[in-house]
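For reference, the structure discussed in these notes is given below.
Chains as they are written, first to last, in this note's numbering: chain F, 1 to 299; chain S, 1001 to 1267; chain U, 2001 to 2343.
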């Protein structure tokens, strides 16, 4: 290979370097640091002390009992499991809601379609704290829903809506619905009217049309939307605290707590690494699916 | 929203229209509640006590709230600008190199901030800035937000490129010898709707960010979401409703404007 | 289209160029809303200084941010529990507070206190107690932490607890007669059992004083740990609220104003500290926040409703127990208790 050709190759790639290097410097290096921190002893007042220690990882599985001895403990695994459970349930609900909506919007005339899409995104652009706060106003004992039901005479004392897992789910589903609607819509839009008409001729009922035509076409969007919902959900911080009443921690709260009140950065870092591993596993599954020509791109 | 229009819809899946209507009720109910209660004269957050503009006066007179809003705008504009510039060059190059291994890798790296849980990025950036003792005031948050915004700026530009006619760029290659002139005179103008939309998305992602801002912020860089979190701590007073309504209206206006801008240049 | 984009770009470039100038500024770092806005305005007008504020949600955050170094704050507030750490870690400026002319105004008990023995670093800001508030329409009158920690079955679902392990465990320790920051496993096991048994009655865990006050006023909860001043602010909206001084003891705190190391506007910070030493100014904070001031002579400027309010002074029947910042081993035990409570 000649030198000019190599130079050309580099010049060809110059455009992507600033962005890639930026992410490398300000995300990959910091992530490496988190891994490093997870193997260091904790400083009493936040931060880490120099040295090597695997205490943080031992703490994930083994609970140091109040008397100093160790025993196998499921406390943290329970929090991990709850996070996966809540994130998974959220993803399923979001999918169940978004699929009909995306299909419906995609079948509208173009002007109406763009209008509806805009309507889907607007709430997402309102601030996350405002959205969560709005749900508190709706769900609390003296809130809008309880007030409405009481006025109708349906209930005599307020339903406990706030500070429940249900409230956390409502808030999370609300936040992530657009992330599912948009990618599925993107796939459905490409589905030609003629294809559908042909399908109706071919198959006996709507269910078969859905199974053989609509669902396969939507699948890449479903995969993308599920990833965009599931992963951020795993680390969610606000909804469990403000809507869930802080009664049950999720991974996000656990990590934040270690970096604040519990003053144990290495342990927080170890939990963050655990979360990264979960995300990486999901990524591997997605790569596997992509090989099967599913997820071409995210949007 | 679900009214029957005079369109040529073939109702493949009946009931979906009604379902979509309910979906929009779910989406807009909380927002409408906040807006209505912002005009509530009663200081109790959820008891209606007549119409009043009092809380708007209070919210607007709150100097800390104004400062936080101004901080947010400064940080969001800077981060959106930086990320859009980075994303434009990256998208253009990656589009040309589609399918190459290193390009796929680079694209994966650029998309990372989108697929990592925010709390992980927040503690990573906190550890990073604290271990290096980097203290740039708002600079720290601008760097952090640029990172978070990058995929959001990148996606619309990349999508625009994929929708573009390849023959145009080929013709441009004949017309302009230097790659930069080609980029400047042909690619860039055609990319503009994607760039604008990427910038707007990035702007809003930055304005909306809470978790990273909470952990990474330094003196003089309290952003609006962090400030509202503090307000909720001190008391759920109706001026939160008023401030929220103003923010919702501002961001809605922004979305609609960017939507109209993009709409003037259909693919 | 093109021109409008460039307008946006030009605009944003000018934003980005607005780097804050450091002339005549003062950056406050404080709990959000923990200062009278009128007081700030008065200072700004008197000295022609622009005051900006940032807020933290817990003292641990304050400590972490200060440890980051050069975070750029000129003024901060920290309790008696955290101040010794801040001073010994070299995170506060020596401003020679005790040599300031106004220092004589500090009430004698709080001059050169245990947590700042030379009085060079800090002045008292406000002080108060962390006990609990009850709605007397629902909860029978009480003089014991028993009402909160071993609640009546009828109150299940009507109780909020703080979500701060250090505060809850400190208060529970007072109830059980366990020393604060205990590192004794048996004692801490008792605390753990107490909190575990209480949990089914607890509706939510939140330390957001404003939200707690709001829920008490709305009648959504009937009992919660709360600060004296927050309770008074709630009682003004709902007279049936009462602040309980437990016979086991009142968890007490003194918040102190100090200047973080590396302050960019040191002279303005000193001006502000001196400003706070004036009784009239200190009283503005009390009138707004409803906590007693550490400045003697401020009483003369208190609002009438505050002067004799029960929340302003603990009775002799409830001895003051000052909250401490615990050592590593105790913090670890506390975190263990908390995680198991929240798993």
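Each residue gets a CB set at the ideal place from its N, CA and C atoms; glycine is no exception.
Burial state of residue i, where buried means 16 or more other Cβ atoms lie within 10 Å
i, result
"residue 2022 (chain U)", "Confidence at residue 2022 (chain U) is low in this model, with a pLDDT of 39, below 50, so the placement of that residue is unreliable and no value is reported for it."
"residue 216 (chain F)", "exposed"
"residue 16 (chain F)", "buried"
"residue 192 (chain F)", "exposed"
"residue 1020 (chain S)", "buried"
"residue 2229 (chain U)", "buried"
"residue 2094 (chain U)", "exposed"
"residue 85 (chain F)", "exposed"
"residue 90 (chain F)", "buried"
"residue 2203 (chain U)", "buried"
"residue 1239 (chain S)", "buried"
"residue 2236 (chain U)", "exposed"
"residue 115 (chain F)", "exposed"
"residue 1170 (chain S)", "exposed"
"residue 258 (chain F)", "buried"
Member of the options whose CA lies at the smallest distance from the CA of residue i
i, options, result
"residue 2072 (chain U)", "S:1171, S:1040, S:1249, S:1138", "S:1138"
"residue 1226 (chain S)", "S:1238, S:1206, S:1245", "S:1206"
"residue 2201 (chain U)", "U:2153, U:2038, U:2341, U:2174", "U:2153"
"residue 1063 (chain S)", "U:2084, U:2041, U:2058", "U:2041"
"residue 177 (chain F)", "F:286, F:50, F:98", "F:98"
"residue 261 (chain F)", "U:2285, U:2335, U:2124, U:2097", "U:2335"
"residue 2034 (chain U)", "S:1014, S:1082, S:1231, S:1239", "S:1231"
"residue 123 (chain F)", "S:1241, S:1024, S:1015", "S:1024"
"residue 188 (chain F)", "F:104, F:169, F:246, F:281", "F:104"
"residue 180 (chain F)", "F:201, F:30, F:223", "F:223"
"residue 2058 (chain U)", "U:2076, U:2031, U:2308, U:2122", "U:2031"
"residue 2194 (chain U)", "U:2048, U:2337, U:2045", "U:2337"
"residue 1086 (chain S)", "S:1149, S:1133, S:1214", "S:1149"
"residue 197 (chain F)", "F:33, F:149, F:135, F:107", "F:107"
"residue 2029 (chain U)", "U:2326, U:2139, U:2325, U:2256", "U:2256"
"residue 19 (chain F)", "S:1168, S:1152, S:1048", "S:1152"
"residue 1142 (chain S)", "S:1163, S:1175, S:1120, S:1202", "S:1202"
"residue 1038 (chain S)", "S:1248, S:1084, S:1027, S:1065", "S:1248"
"residue 228 (chain F)", "F:283, F:240, F:194", "F:283"
"residue 2067 (chain U)", "F:9, F:73, F:57, F:46", "F:46"
Beta-carbon separation (whole angstroms), residue i vs residue j, contact threshold 8 Å
i, j, result
"residue 2275 (chain U)", "residue 2281 (chain U)", "6 Å"
"residue 2343 (chain U)", "residue 75 (chain F)", "4 Å"
"residue 2225 (chain U)", "residue 2130 (chain U)", "6 Å"
"residue 2196 (chain U)", "residue 2341 (chain U)", "6 Å"
"residue 2259 (chain U)", "residue 2110 (chain U)", "So it is not a contact: roughly 18 Å between Cβ atoms."
"residue 2098 (chain U)", "residue 2119 (chain U)", "3 Å"
"residue 2246 (chain U)", "residue 2173 (chain U)", "Actually they do not touch by this definition, with Cβ atoms about 13 Å apart."
N- and C-terminal bounds of the beta strand (DSSP E) containing residue i
i, result
"residue 1110 (chain S)", "Where residue 1110 (chain S) is concerned, there is no enclosing beta strand (DSSP E), although the alpha helix (DSSP H) it sits in stretches over 1101-1115."
"residue 191 (chain F)", "Per DSSP, residue 191 (chain F) belongs to no beta strand (DSSP E) and is neither H nor E."
"residue 1052 (chain S)", "Looking at the DSSP string, residue 1052 (chain S) is not in any beta strand (DSSP E), and its letter there is neither H nor E."
"residue 2160 (chain U)", "2159-2161"
"residue 2303 (chain U)", "No beta strand (DSSP E) holds residue 2303 (chain U); DSSP gives it neither H nor E."
"residue 1028 (chain S)", "First-last for residue 1028 (chain S): 1016-1037, but that is the alpha helix (DSSP H), not the beta strand (DSSP E)."
"residue 2203 (chain U)", "2202-2205"
"residue 2127 (chain U)", "2122-2135"
"residue 23 (chain F)", "Where residue 23 (chain F) is concerned, there is no enclosing beta strand (DSSP E), although the alpha helix (DSSP H) it sits in stretches over 17-23."
"residue 2223 (chain U)", "2223-2227"
Continuous alpha helix (DSSP H) stretch holding residue i: start and end
i, result
"residue 111 (chain F)", "110-125"
"residue 2035 (chain U)", "That residue, residue 2035 (chain U), is in no alpha helix (DSSP H); it is neither H nor E in DSSP."
"residue 1074 (chain S)", "1063-1096"
"residue 1161 (chain S)", "1138-1163"
"residue 54 (chain F)", "Per DSSP, residue 54 (chain F) belongs to no alpha helix (DSSP H) and is neither H nor E."
"residue 1131 (chain S)", "1118-1132"
heavy atom of the ligand NAP below 7 Å from residue i C-beta
i, result
"residue 81 (chain F)", "With respect to the ligand NAP, the structure offers nothing, as it holds no ligand at all."
Start-end ranges of the alpha helix (DSSP H) lying completely within the stretch 2254-2296 of chain U, minimum 4 residues: 2266-2276, 2279-2289
task: Output the residue ranges of the alpha helix (DSSP H) runs that lie fully inside the stretch 169-233 of chain F and measure 4 residues or longer, sorted by chain position.
output: 193-202, 206-209
query: What residue ranges within the stretch 2024-2107 of chain U form continuous beta strand (DSSP E) runs of no fewer than 3 residues, ordered along the chain?
result: 2025-2031, 2050-2056, 2075-2079
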